[in-house]
Every structure is written in C-alpha cells, then in structure tokens.
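For the sequence shown, the residue numbers in mature numbering (1 follows the signal peptide of the UniProt record, and there is no 0) are -23 to -1, 1 to 262.
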Amino acid sequence: MAFSPMFTCFLGISLLFMAAAMAAANLNQDFDLTWGDGRAKILQNGQLLTLSLDKTSGSGFKSKNQYLFGKIDMQLKLVPGNSAGTVTAYYLSSLGSAHDEIDFEFLGNLSGDPYILHTNVFTRGKGNREQQFYLWFDPTKDFHTYSVLWNSLSIIFSVDGTPIREFKNLESKGVPYPKSQPMWIYSSLWNADDWATRGGLVKADWSQAPFTASYRNFNARACVWTSGSSSCSASGSTNNSWLSQSLDGSGQGRIKWVQKNYMIYNYCTDTKRFPQGPPPECSMA
C-alpha cells in the first residue's frame, strides 16, 4: 500500500526523534522476570530483554513499579517466521476482578502473513473494546516503538509515534474510565494456538521452537505509585506535560488514516455482537 510523501516524512522524523530521545534504560532496574523457568532473559548489561516460548512453557516479566498515568514506550521485535499460535502480550494492568487494563497483543501468523495487533481497554473488570490492526511494516525485521499515553483525558495507543487508537475519558457521560487503580506493566509470550491464528485453525509448529520476542529502550515518563501516593507533583513541571496532552488535529487525522487503511476489526461496528447497538462510547467519541 502506497504512503503519501507527507506521511513518510512525518514517520521518518518521528523515528529519528524517538531514537535520539530514548536513553539506554537498564532493564534490570525496571523489570522482574516473573515466570518461564529461565526462558526470560535480560542480556547485554541490561540493554536487551528476551522472552521465549517452547512446547513446555512460555515466559513473562513485570515492572518493578506501579504507575497511575504515564507516557510509556517500549521497543519490540516480534517472533519471526512461522509464529502461528503464539501471542506476545504487552500491557498495563491492575489487580483483582474489577481491574483496569490497557492491552497491546500481537497475534502470530504463518510465514508471509501479517501479524495482527490486537488492542483492548478494560475498566472495572470489563473489556470487550477490541480494535485490531495490520501494521504497515514487518514487525519481525527490526525493533519498533509501541507506546501508551494514559492521562485523565484519554488513552492513546501509538506505533512508532503514529497514533492508532484513542479511548477518551467520557465519565461525565456515564462511561467508566481507568483513573484510580495504579497498574503494573506486564509482558508475556505464550501458546494460544486454540484461538490466536485464524480462530485456532492454524496451530503452533513446535519444530520451529523456541519462539523469541525481544525488547529494548523502555522509557516511562510516568507517575510512580508508592505506598498510596504519586510521584507526580502539582507543580506543573514541563517533564509532566504529557499529563495534559491530547490529540491535535494532525493526530486525529493520522488516526483516521491508520483506521481507514489498516483496521481489520472494530467492536463499535460489530452489529452481530451488539445487536441492540454498540457500547455508548462508540457514538460519543
């Protein structure tokens, strides 16, 4: 699919800006390897984290900190080749049955077929707000930046600086919004071949295992939640400018472009799933 010169130029500038701005974070300081019996590794003096999956087990990690609002970036390189049946999940979540959650999930596929980027937002334990996309690049060839901007105004999902989805705070109109439960960052690589690829018709090819996803350049400009209080002050520091950030007209235009060309599922238009009409935020956004 052809790109406009303006979009290509913007994308190049965004990538250069993010590469320059990201400090080389030490992942040992930010994350704990939580499961996988050695299949999760932090390498290169804390500069690279890998998760692996084989027929016995997947693996995962969790942030050391909890966050209540933030601008959070991570670069990922996904499982290459035949990744059918695998899911690489990267998300924020609180605890409990009434938890809040902000999801990126990457659904693997056969070699040559595109990954599906699955997004969702949970509030008070309820999700069912799925939007799915193809990507405009091969996410297995190199690292790409996946970002969540979460503040009291909205949640914005971005890929390489390009916004792909916005979930607005519409609490004033009766739509729950995640704003009071601090969340950890989690990621896992796991076997989901009962549903992930073509509804479970295509299974994982374990002769290709181990499957490996890689992570680097984590960056969190965020409010760390510790002992019931936030690290963000009310001083209006420029370091916390993201707290009041929202999409401008250009950002809204880029979301429309991505959703027109690359969105493959939108819960708001699924009339079979919601025969009585879509959830209220669909008509308010």
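Quick reminder that beta carbons are idealized off the backbone N, C-alpha and C, glycines included.
{"Query": "Trp127 - partner residues in DSSP beta bridges", "Result": "Gly47 and Ile132"}
{"Query": "Backbone secondary structure at Tyr67 - three-state DSSP", "Result": "strand"}
{"Query": "Any beta strand (DSSP E) of 3 or more consecutive residues that is wholly inside the region 147 to 224", "Result": "160 to 168 and 188 to 203"}
{"Query": "Any 3 or more C-beta pairs closer than 8 Å across the region 227 to 237 and the region 137 to 148", "Result": "yes"}
{"Query": "Limits of the unbroken alpha helix (DSSP H) element including Trp234", "Result": "Gly226 to Tyr239"}
{"Query": "Three-state secondary structure (DSSP) of Leu(-13)", "Result": "Its pLDDT being 49, under 50, Leu(-13) is placed unreliably by the model, and nothing is read from it."}
{"Query": "Neighbour-count burial assignment, Lys54, 16 or more Cβ in a 10 Å radius", "Result": "buried"}
{"Query": "Pick from Gly89, Met51, Phe110 and Phe83 that is closest to Asn238, judged by C-alpha positions", "Result": "Phe110"}
{"Query": "Residue nearest to Gln185 in terms of C-alpha spacing, selected from Pro57, Gln6, Pro91 and Leu28", "Result": "Pro57"}
{"Query": "Distance, Phe251 Cα to Tyr244 Cα", "Result": "8 Å"}
{"Query": "Endpoints, alpha helix (DSSP H) assigned at Glu107", "Result": "That residue, Glu107, is in no alpha helix (DSSP H); it is neither H nor E in DSSP."}
{"Query": "Residue environment, Gly35, which counts as buried when at least 16 other CB atoms sit within 10 Å", "Result": "buried"}
{"Query": "CA nearest to the CA of Gly122, picked from Leu224, Leu84, Asn194 and Leu10", "Result": "In the sequence under discussion, the amino acid at residue 122 is Thr, which differs from the Gly named in the question. Comparing Cα positions, the closest option is Asn194."}
{"Query": "Under the three-state DSSP convention, the category Gly37 falls into", "Result": "strand"}
{"Query": "Cys259: CB within 7 Å of a non-hydrogen atom of the ligand FAD", "Result": "With respect to the ligand FAD, the structure offers nothing, as it holds no ligand at all."}
{"Query": "Candidates Gly85, Ser135, Leu25 and Asp170, of which the one nearest Ile232 by Cα", "Result": "Ser135"}
{"Query": "Neighbour-count burial assignment, Thr246, 16 or more Cβ in a 10 Å radius", "Result": "exposed"}
{"Query": "Cβ shell of Ala181 (< 7 Å), same chain only, five flanking positions each side left out", "Result": "Ala61, Gly62, Thr63, Asn168 and Asp170"}
{"Query": "Straight-line Cα distance separating Tyr92 from Gly176", "Result": "14 Å"}
{"Query": "Gly102 vs Ser74 beta-carbon contact at 8 Å", "Result": "yes"}
{"Query": "Per-residue DSSP class, three states only, for Tyr242", "Result": "strand"}
{"Query": "Between the CA atoms of Asn196 and Gln24 - distance to the nearest angstrom", "Result": "12 Å"}
{"Query": "Contact set for Asp31: own chain, Cβ-Cβ below 8 Å, skip 5 residues either direction", "Result": "Arg16, Trp183, Ala186, Pro187 and Phe188"}
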